[in-house]
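Chains as they are written, first to last, in the numbering used here: chain H, 1 to 324; chain G, 1001 to 1324.
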């Protein structure tokens, strides 16, 4: 398989992206990596299963997607173009998600039956990982869109997490069917009558511990939920740091429990989970977290390989043929 | 001052509510508490500054507010009636929030300029406590309603947290003015042009650590944000418990750092913060958390006293006279 990597995208590009790409190349010698970006970002020697594709422009993280058409020589455009031209089987980027999404829609096109592509995340969970979506840019959604997200999330759960008949839930402000805003109440009815294995509503507190496989929400609500949870985790970790260094004795206790704390941190760390494919476009485009370090890039390459080997796009295309 | 306490409302009623009421009576001998509920919930002797008002019906936590008119002898109805009849200066309840809100609107009426009452919470925060609203039942909001919430939250921040010129923010999926769903984008414009000291958008991760005094959101989004954060906190605490008891040595380390962990838990505990007044009705009705224990009730009585002494309702009425 051939994977195009946007080495210019991300908060820690190109250094960490290159480091991750080189380690991935060593880990999967049977696959070929195409490094897309500026020549000066390359190391002196490239491994045998890596090649370089030049792209001199850069789409900045916060740059308006309206500039895209003037940026056809950007790393994200060129990496996507390689997939379109069948010179690569997948691409991955930690750059601007909006630009990655827009480029994929423009160059690869939408899968029939998909109104708007979505971003599904494989989130940490207890007892098991789960798919949550849309964590992307769809701030205004219709019930029909949430049903499409549910179907796409189901395929993602099957392919990446090997769940046989994924249980799908909606994120709401209460478990009962009458809870929610207008969008959620209408979506509840639609999902209950659909082909999806719908198990009802989940609440914010269930995000990482609820008993479901796929959690569906609009992009605005999902952003609020995920960032509120992330904020709470960061706050507690910082409070723990303050408290555990408050005295010499505490430092000793903290030293003893440190491996336990590190394990918790690792379990909650998105770097371990890598990126997730953009859902709804005709090609594999893996969206990585903007602050991805090398480890996240390696795991994202692994995700791309899994998606390719499982014929992800065919399954997705098939799933979206269902009439509603 | 006379404070009516619904002793039948809440997950731990009547035991914990009574325990809290009796301790509050001892703490504030200069105030009078009216215990509203069933006679069998009372202790054998009542302190001198407590009296009993009988109410034999109960509104269950999940009971539809449509039943309210058949429940005029319920503890929440009777407690609110006491305020309406000027036999009490304030009431507090840990029972069904929807019933408390509906009773307040029916019996006390709305303050002019308020479309829908809201519930503001005094939330833990670092470095300082903050007001967040609406954590109530208003799942569908208009920009005009969010502006009203902002004005009411400002008064709450001034009265309970002594902030002079509270800085008001909107909860959105990004800091920039163009971020948000339709509601938030329209509200951004409205707040920016209003009398409110509007400082822009905050994200979910800023809930407890952002630099603002009042954070405004619709009830649906607020529920998702708060419960996602609470869920993350509960998850980490449970992971810590597992990890810190994984071996004898770890247990020793955990024993040493335990006071630090307890301090963090207390800082994040809503029991410390007590209830908050229902915003927008003509009377002081303090909404307590459903799972309030005695400590939360004592703190809520304290909040009621602060509100009465600060002429909260007059300030609120004045604040809502502003033309928009």
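Just so you know, even glycine gets a beta-carbon here, dropped at the ideal spot from N, CA and C.
On the three-state DSSP scale, how would you describe residue i?
{"i": "residue 1315/G", "result": "helix"}
{"i": "residue 1121/G", "result": "strand"}
{"i": "residue 242/H", "result": "helix"}
{"i": "residue 237/H", "result": "helix"}
{"i": "residue 253/H", "result": "helix"}
{"i": "residue 1213/G", "result": "coil"}
{"i": "residue 1222/G", "result": "helix"}
{"i": "residue 1328/G", "result": "The shown model of chain G, from 1001 to 1324, leaves out residue 1328/G, and the question about it has no answer."}
{"i": "residue 248/H", "result": "helix"}
{"i": "residue 326/H", "result": "An answer regarding residue 326/H cannot be provided, because it is not within the stretch 1 to 324 covered by chain H."}
{"i": "residue 1183/G", "result": "helix"}
{"i": "residue 110/H", "result": "strand"}
{"i": "residue 2/H", "result": "strand"}
{"i": "residue 1231/G", "result": "helix"}
{"i": "residue 1205/G", "result": "helix"}
Give me the Cα-Cα distance between residue i and residue j, rounded to the nearest whole angstrom.
{"i": "residue 188/H", "j": "residue 1205/G", "result": "28 angstroms"}
{"i": "residue 1306/G", "j": "residue 1283/G", "result": "14 angstroms"}
{"i": "residue 393/H", "j": "residue 31/H", "result": "Outside the displayed range of chain H (1 to 324) lies residue 393/H, so it cannot be described from this structure."}
{"i": "residue 1164/G", "j": "residue 1119/G", "result": "21 angstroms"}
{"i": "residue 1011/G", "j": "residue 1040/G", "result": "18 angstroms"}
{"i": "residue 1248/G", "j": "residue 262/H", "result": "18 angstroms"}
{"i": "residue 216/H", "j": "residue 1214/G", "result": "29 angstroms"}
{"i": "residue 74/H", "j": "residue 5/H", "result": "12 angstroms"}
{"i": "residue 1068/G", "j": "residue 1274/G", "result": "26 angstroms"}
{"i": "residue 1013/G", "j": "residue 1007/G", "result": "6 angstroms"}
{"i": "residue 151/H", "j": "residue 320/H", "result": "7 angstroms"}
{"i": "residue 59/H", "j": "residue 1126/G", "result": "36 angstroms"}
{"i": "residue 244/H", "j": "residue 1168/G", "result": "34 angstroms"}
{"i": "residue 1048/G", "j": "residue 1103/G", "result": "29 angstroms"}
{"i": "residue 254/H", "j": "residue 237/H", "result": "13 angstroms"}
{"i": "residue 1299/G", "j": "residue 1023/G", "result": "10 angstroms"}
{"i": "residue 1242/G", "j": "residue 257/H", "result": "11 angstroms"}
{"i": "residue 15/H", "j": "residue 289/H", "result": "15 angstroms"}
{"i": "residue 53/H", "j": "residue 36/H", "result": "5 angstroms"}
{"i": "residue 1277/G", "j": "residue 1239/G", "result": "35 angstroms"}
{"i": "residue 1115/G", "j": "residue 1280/G", "result": "8 angstroms"}
{"i": "residue 351/H", "j": "residue 1315/G", "result": "Not covered by the structure: residue 351/H. The range shown for chain H is 1 to 324."}
{"i": "residue 112/H", "j": "residue 194/H", "result": "18 angstroms"}
{"i": "residue 1268/G", "j": "residue 1230/G", "result": "9 angstroms"}
{"i": "residue 55/H", "j": "residue 1174/G", "result": "30 angstroms"}
{"i": "residue 264/H", "j": "residue 235/H", "result": "14 angstroms"}
{"i": "residue 176/H", "j": "residue 170/H", "result": "11 angstroms"}
{"i": "residue 1246/G", "j": "residue 124/H", "result": "21 angstroms"}
{"i": "residue 186/H", "j": "residue 117/H", "result": "21 angstroms"}
{"i": "residue 61/H", "j": "residue 34/H", "result": "22 angstroms"}
As a quick exercise: from the options, pick the residue whose alpha carbon is nearest that of residue i.
{"i": "residue 129/H", "options": "105/H, 209/H, 280/H, 301/H", "result": "209/H"}
{"i": "residue 159/H", "options": "321/H, 2/H, 4/H, 312/H", "result": "312/H"}
{"i": "residue 1285/G", "options": "1100/G, 1068/G, 1113/G, 1048/G", "result": "1100/G"}
{"i": "residue 134/H", "options": "127/H, 109/H, 122/H", "result": "122/H"}
{"i": "residue 1222/G", "options": "1207/G, 1236/G, 1125/G", "result": "1207/G"}
{"i": "residue 1084/G", "options": "1066/G, 1253/G, 1161/G, 1105/G", "result": "1105/G"}
{"i": "residue 212/H", "options": "198/H, 172/H, 224/H", "result": "198/H"}
{"i": "residue 201/H", "options": "195/H, 181/H, 317/H, 219/H", "result": "181/H"}
{"i": "residue 162/H", "options": "185/H, 303/H, 269/H", "result": "303/H"}
{"i": "residue 318/H", "options": "148/H, 102/H, 170/H", "result": "148/H"}
{"i": "residue 63/H", "options": "95/H, 45/H, 82/H", "result": "95/H"}
{"i": "residue 322/H", "options": "26/H, 33/H, 144/H", "result": "144/H"}
{"i": "residue 1132/G", "options": "1141/G, 1117/G, 1153/G", "result": "1153/G"}
{"i": "residue 140/H", "options": "1110/G, 1117/G, 1124/G, 1184/G", "result": "1184/G"}
{"i": "residue 45/H", "options": "61/H, 66/H, 18/H, 65/H", "result": "18/H"}
{"i": "residue 250/H", "options": "1297/G, 1246/G, 1259/G", "result": "1259/G"}
{"i": "residue 266/H", "options": "177/H, 233/H, 26/H", "result": "233/H"}
{"i": "residue 1196/G", "options": "1203/G, 1146/G, 1179/G", "result": "1146/G"}
My understanding is that residue i touches residue j, with C-beta atoms under 8 angstroms, so please give their C-beta distance in whole angstroms.
{"i": "residue 1080/G", "j": "residue 1092/G", "result": "That belief does not hold up - the Cβ atoms of residue 1080/G and residue 1092/G are roughly 11 angstroms apart, past 8 angstroms."}
{"i": "residue 1087/G", "j": "residue 1071/G", "result": "About 20 angstroms separates the two Cβ atoms, so there is no contact after all."}
{"i": "residue 172/H", "j": "residue 166/H", "result": "At roughly 19 angstroms, the Cβ-Cβ gap does not stay under 8 angstroms, so residue 172/H and residue 166/H are not in contact."}
{"i": "residue 1301/G", "j": "residue 1028/G", "result": "7 angstroms"}
{"i": "residue 294/H", "j": "residue 20/H", "result": "4 angstroms"}
{"i": "residue 219/H", "j": "residue 310/H", "result": "Going by Cβ atoms, the distance from residue 219/H to residue 310/H rounds to 26 angstroms, so no, they are not a contact pair."}
{"i": "residue 1225/G", "j": "residue 228/H", "result": "4 angstroms"}
Flag residue i as yes when its Cβ comes closer than 7 angstroms to any non-hydrogen atom of the ligand SAM, and as no otherwise.
{"i": "residue 118/H", "result": "Judged by which ligands are present, the structure shown has none, so any question about the ligand SAM falls away."}
Which parts of the segment 136-171 of chain H are runs of the alpha helix (DSSP H), unbroken and 4 residues or longer, counting only runs that do not cross its ends? Those alpha helix (DSSP H) runs which fall completely within the segment 136-171 of chain H and span 4+ residues are 143-161.
So within the segment 1261-1314 of chain G, which uninterrupted alpha helix (DSSP H) runs reach at least 4 residues, ignoring any that extend past its ends? Whole alpha helix (DSSP H) segments, 4+ residues: 1270-1273, 1294-1309.
I'd like the ranges of any beta strand (DSSP E) spanning at least 3 consecutive residues and lying wholly in the segment 19-107 of chain H. Listed in chain order, they are 32-37, 50-54, 90-93.
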